[in-house]
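*Asks:* Chains as they are written, first to last, in the numbering used here: chain S, 1 to 210; chain Z, 211 to 420.
Quick reminder that beta carbons are idealized off the backbone N, C-alpha and C, glycines included.
Protein chains: 2
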Amino acid sequence: MVSKSVESKREKTIRRILDAAAKIFAESGFEGARMDEIAKQAKINKAMIYYHIGDKKALYAQVLHDIIGNAAEHFINNLDENQSPEQKLKYYINALTRTMDQNPLLAPIMMREQASGGQNLPEIIAGDFALIIGMVTNILEEGAKQGVFIKTTPFIIYSLVTGGVMFYKGSYPVRSRYAVFPENVKKLGDRVSGEVSSEIEKLILKAVKK
Amino acid sequence: MVSKSVESKREKTIRRILDAAAKIFAESGFEGARMDEIAKQAKINKAMIYYHIGDKKALYAQVLHDIIGNAAEHFINNLDENQSPEQKLKYYINALTRTMDQNPLLAPIMMREQASGGQNLPEIIAGDFALIIGMVTNILEEGAKQGVFIKTTPFIIYSLVTGGVMFYKGSYPVRSRYAVFPENVKKLGDRVSGEVSSEIEKLILKAVKK
DNA sequence: AACAAGTTTAACTAAACAGTTAGTTTTACT
DNA sequence: AGTAAAACTAACTGTTTAGTTAAACTTGTT
Numbered sequence: 001m002v003s004k005s006v007e008s009k010r011e012k013t014i015r016r017i018l019d020a021a022a023k024i025f026a027e028s029g030f031e032g033a034r035m036d037e038i039a040k041q042a043k044i045n046k047a048m049i050y051y052h053i054g055d056k057k058a059l060y061a062q063v064l065h066d067i068i069g070n071a072a073e074h075f076i077n078n079l080d081e082n083q084s085p086e087q088k089l090k091y092y093i094n095a096l097t098r099t100m101d102q103n104p105l106l107a108p109i110m111m112r113e114q115a116s117g118g119q120n121l122p123e124i125i126a127g128d129f130a131l132i133i134g135m136v137t138n139i140l141e142e143g144a145k146q147g148v149f150i151k152t153t154p155f156i157i158y159s160l161v162t163g164g165v166m167f168y169k170g171s172y173p174v175r176s177r178y179a180v181f182p183e184n185v186k187k188l189g190d191r192v193s194g195e196v197s198s199e200i201e202k203l204i205l206k207a208v209k210k
Numbered sequence: 211m212v213s214k215s216v217e218s219k220r221e222k223t224i225r226r227i228l229d230a231a232a233k234i235f236a237e238s239g240f241e242g243a244r245m246d247e248i249a250k251q252a253k254i255n256k257a258m259i260y261y262h263i264g265d266k267k268a269l270y271a272q273v274l275h276d277i278i279g280n281a282a283e284h285f286i287n288n289l290d291e292n293q294s295p296e297q298k299l300k301y302y303i304n305a306l307t308r309t310m311d312q313n314p315l316l317a318p319i320m321m322r323e324q325a326s327g328g329q330n331l332p333e334i335i336a337g338d339f340a341l342i343i344g345m346v347t348n349i350l351e352e353g354a355k356q357g358v359f360i361k362t363t364p365f366i367i368y369s370l371v372t373g374g375v376m377f378y379k380g381s382y383p384v385r386s387r388y389a390v391f392p393e394n395v396k397k398l399g400d401r402v403s404g405e406v407s408s409e410i411e412k413l414i415l416k417a418v419k420k
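Shown next, in the form of structure tokens:
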């Protein structure tokens with residue numbers, strides 16, 4: 001039988017590996033990530049990755065599930081069905097920005113996954129995305145039915161919000177690296193919850209309200 | 211002296227290399243791209259890349275300049291300064307979507323560059339982006355000064371539009387691959403100019419108009 | 001035709017890489 | 001204390017990769 005302390009040691013090693021892997025995959029992408037570098041970052045022997053988790057693909061799938069799967073679940077479970085469509089749409093933008101700030105690796109990993117056409121995206125994760133898209137679609141259709149929202153293509157709204165937030169946050173390293181960018185851009189940070197979220201909420205609601 | 215026909219032969223080889231490289235870099239990213247695969251795709255000997263252009267980094271920089279630099283220039287030169295801020299903002303969205311459709315490699319390459327924090331982004335290309343951001347900023351500030359637009363953070367509008375368009379277009383392979391996505395999403399294509407552009411123009415203008 | 005400059009090729013090298021293995025230490029349980 | 005399973009380590013292997021080189025071919029010029 002496996003005792004508690006052995007279990008916790010195992011879990012600790014796995015946690016170190018997954019944290020390091022998420023960081024390296026976010027920085028360098030699947031192809032750019034080096035197993036030796038992940039091991040070094042995690043301060044464990046490289047063979048431990050193969051022992052506890054598996055090869056590079058298995059490790060990547062695990063990282064995706066860890067980061068995206070949990071976020072998606074949290075997202076949907078916390079939506080209050082009794083709120084108005086306006087409030088729900090605000091909730092979505094607010095929850096999205098907070099999730100992105102809480103896990104800064106989400107934006108780069110999602111962007112890379114999209115750029116590669118989802119070559120390494122497990123179907124379960126695609127299902128998580130589908131749930132969120134369905135949620136936003138319902139909010140917008142409910143609003144249109146109630147006559148508070150204009151008729152829109154929900155996926156376009158979803159794209160503007162999700163893509164916009166990812167773009168804003170993801171552009172931070174580039175914005176801050178190069179001196180060529182204008183000062184009004186250079187003074188912005190990488191935080192999207194808070195003021196940025198408020199402004200996006202206002203803009204999007206103004207756009208869709210009847 | 212270098213004659214016409216030698217020159218055209220040289221140019222032809224370089225063109226083959228750059229076209230192949232753009233495709234492979236878009237599909238696989240900088241780290242994922244293989245010099246042998248680019249050579250095979252271009253139907254030339256791998257040594258020709260090093261002879262005519264240089265190493266992998268130089269090739270990537272050349273591809274970026276070819277795709278982004280030209281687009282950015284075209285963008286700014288075609289803006290009609292005599293138009294109203296509303297018309298200019300519409301022009302920007304319209305030009306962006308047409309550029310994205312004309313060059314399908316732009317979206318994935320830009321997304322990867324952002325995800326990597328611009329690790330391989332030459333400063334000249336960053337300057338091209340800065341010009342476009344400056345253009346959008348001017349349009350929005352001009353509109354606000356004239357009292358036709360509300361006061362906004364221009365870079366947020368820029369992010370919503372650019373990120374939104376890239377997200378919509380970039381998500382096409384994932385949307386069409388997996389059966390889990392709802393039908394209202396599955397029926398959408400990857401084209402962003404035309405109907406998608408019109409709807410984004412309407413939404414964004416509605417959002418920023420006083 | 002002879003030459004030189006530009007272009008192309010196939011074969012090569014050295015380094016980096018994912019993944020393995022045999023042997024060692026740690027842990028939990030009796 | 002003894003033991004067996006689990007966790008770990010260092011050194012290794014075979015392959016893939018970016019980049020090179022020397023020799024051959026092509027083209028324009030005299």
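Here's a check: name, in chain order, each residue in its chain whose Cβ is nearer than 7 Å to the Cβ of D246(Z), leaving out the five neighbours to either side.
*Replies:* Cβ neighbours of D246(Z) beyond the five flanking positions: K256.
*Asks:* May I have the straight-line CA-CA distance separating G357(Z) from E123(S), to the nearest angstrom?
*Replies:* Approximately 49 Å, taken between the alpha carbons.
*Asks:* Could you check if Q62(S) is buried or exposed, using at least 16 other CB atoms within 10 Å of its CB as the buried criterion?
*Replies:* Classification for Q62(S): buried.
*Asks:* According to DSSP, F149(S) sits in a beta bridge with which residue or residues?
*Replies:* F149(S) pairs with K209(S).
*Asks:* Mind pulling the chain S residues with CB within less than 8 Å of E409(Z)?
*Replies:* Here the neighbours are T152, T153 and I156.
*Asks:* Check whether the stretch 177 to 189 of chain S touches the stretch 362 to 371 of chain Z, taking contact to mean three or more Cβ pairs, one atom from each stretch, closer than 8 Å.
*Replies:* As far as the Cβ criterion goes, the stretch 177 to 189 of chain S touches the stretch 362 to 371 of chain Z, which means the pair count is three or higher.
*Asks:* Can the beta-carbon of E31(S) be found less than 8 Å from the beta-carbon of G353(Z)?
*Replies:* Not closer than 8 Å, so no.
*Asks:* Using 10 angstroms around the beta-carbon of Q114(S), count the other beta-carbons present and answer buried if the total reaches 16, otherwise exposed.
*Replies:* Looking at its Cβ environment, which holds 16 or more other Cβ atoms inside 10 Å, Q114(S) is buried.
*Asks:* What number of angstroms, rounded off, separates the C-alpha of L306(Z) from the C-alpha of M376(Z)?
*Replies:* Approximately 10 Å between the Cα atoms of the pair.
*Asks:* Y301(Z) and L315(Z): beta carbons closer than 8 Å?
*Replies:* Not a contact, by the Cβ cut-off of 8 Å.
*Asks:* Which first and last residues belong to the alpha helix (DSSP H) in which H275(Z) is found?
*Replies:* H275(Z) -> no alpha helix (DSSP H), and no H or E assigned at all.
*Asks:* Considering Cα atoms alone, identify which of G328(Z), I303(Z) and E221(Z) is closest to M345(Z).
*Replies:* When each option's Cα is compared against that of M345(Z), the closest is I303(Z).
*Asks:* Of all the residues that make up the stretch 385 to 416 of chain Z, which are near chain S by a beta-carbon distance shorter than 9 Å?
*Replies:* Answer set for the stretch 385 to 416 of chain Z: R385, R387, Y388, A389, V390, F391, P392, N394, V395, L398, E405, V406, E409, I410, K412, L413, I414, L415 and K416.
*Asks:* Run the CB neighbour count on K214(Z), radius 10 Å, all protein chains shown included, and call it buried at 16 or more, exposed below.
*Replies:* Only weak support exists for where K214(Z) lies, its pLDDT of 42 falling under 50; the value from the coordinates is given anyway. Answer is exposed; the Cβ neighbour count stays below 16.
*Asks:* How would you write the range of the alpha helix (DSSP H) that I259(Z) sits in, first residue to last?
*Replies:* It spans K256 to H262 - the alpha helix (DSSP H) in which I259(Z) sits, taken as one unbroken run.
*Asks:* Can you confirm whether the stretch 191 to 200 of chain S touches the stretch 400 to 415 of chain Z when touching is taken to mean that 3 or more C-beta pairs between the two stretches lie within less than 8 Å?
*Replies:* Short answer: they don't touch.
*Asks:* Which two residues bound the contiguous alpha helix (DSSP H) that contains A281(Z)?
*Replies:* N280 to N287 is the extent of the alpha helix (DSSP H) around A281(Z).
*Asks:* Our contact map puts I335(Z) next to L274(Z) with C-beta atoms below 8 Å; I'd like the distance itself, whole angstroms only.
*Replies:* That pair is a contact at about 5 Å.
*Asks:* Identify, in the order they occur along the chain, each residue of the same chain with its Cβ nearer than 7 Å to the Cβ of D311(Z), setting aside the five sequence neighbours on each side.
*Replies:* R401, V402 and S403, listed in sequence order.
*Asks:* Find out if the Cβ-Cβ distance for the pair T309(Z), H262(Z) is shorter than 8 Å.
*Replies:* No, the Cβ-Cβ distance between T309(Z) and H262(Z) is not below 8 Å.
*Asks:* Between G328(Z), R220(Z) and I259(Z), which lies nearest to P173(S) when the distance is taken from Cα to Cα?
*Replies:* Checked all of G328(Z), R220(Z) and I259(Z); the closest Cα to P173(S) is G328(Z).
*Asks:* For Q324(Z) and chain S, any beta-carbon pair shorter than 8 Å?
*Replies:* It does: the Cβ of Q324(Z) has a partner Cβ on chain S nearer than 8 Å.
*Asks:* Would you please state the rounded distance, in angstroms, between the beta carbons of I254(Z) and R226(Z)? I believe it to be under 8 Å.
*Replies:* At roughly 6 Å, the Cβ-Cβ gap stays under 8 Å, so I254(Z) and R226(Z) are in contact.
*Asks:* Once DSSP output is grouped into helix, strand and coil, what is the label at K40(S)?
*Replies:* Correct three-state label for K40(S): helix.
*Asks:* For D229(Z), collect the residues of the same chain with a Cβ closer than 6 Å to its Cβ; drop the 5 residues on either side in sequence, then sort them by chain order.
*Replies:* Result list for D229(Z): empty, nothing under 6 Å.
*Asks:* Taking 8 Å as the CB-CB limit, is A336(Z) close to chain S?
*Replies:* A336(Z) counts as touching chain S.
*Asks:* Beta-carbon within less than 7 Å of F359(Z)'s beta-carbon, same chain only, minus the 5 sequence neighbours each way: which residues are those?
*Replies:* Excluding residues within five positions, the ones whose Cβ falls inside 7 Å are P295, L350, G353, V418, K419 and K420.
*Asks:* Alpha carbon to alpha carbon, how far is K40(S) from A389(Z)? Give it in angstroms, no decimals.
*Replies:* Each residue's Cα considered, the two are about 39 Å apart.
*Asks:* Can P108(S) and G170(S) be called in contact, C-beta distance under 8 Å?
*Replies:* In contact: P108(S) and G170(S) (Cβ atoms closer than 8 Å).
*Asks:* Assuming G69(S) and D128(S) are in contact, meaning their beta carbons sit under 8 Å apart, how far apart are those beta carbons, in whole angstroms?
*Replies:* Confirmed, Cβ separation roughly 6 Å.
*Asks:* Measuring only the C-alpha atoms, how far is S386(Z) from N77(S)?
*Replies:* In a straight line, the C-alpha of S386(Z) is about 27 Å away from that of N77(S).
*Asks:* Out of T137(S), N120(S), E73(S) and F75(S), which one is the CA nearest neighbour of K56(S)?
*Replies:* Checked all of T137(S), N120(S), E73(S) and F75(S); the closest Cα to K56(S) is N120(S).
*Asks:* Specify, as a first and last residue, the run of the alpha helix (DSSP H) that K113(S) falls within.
*Replies:* Sequence check: residue 113(S) is Glu here, not Lys. L106 to A115 is the span of the alpha helix (DSSP H), which, as asked, contains E113(S).
*Asks:* What would DSSP say about V332(Z), mapped onto helix, strand or coil?
*Replies:* One point to set straight first is that residue 332(Z) is Pro, not Val, in the sequence displayed. Here P332(Z) sits in coil by DSSP.
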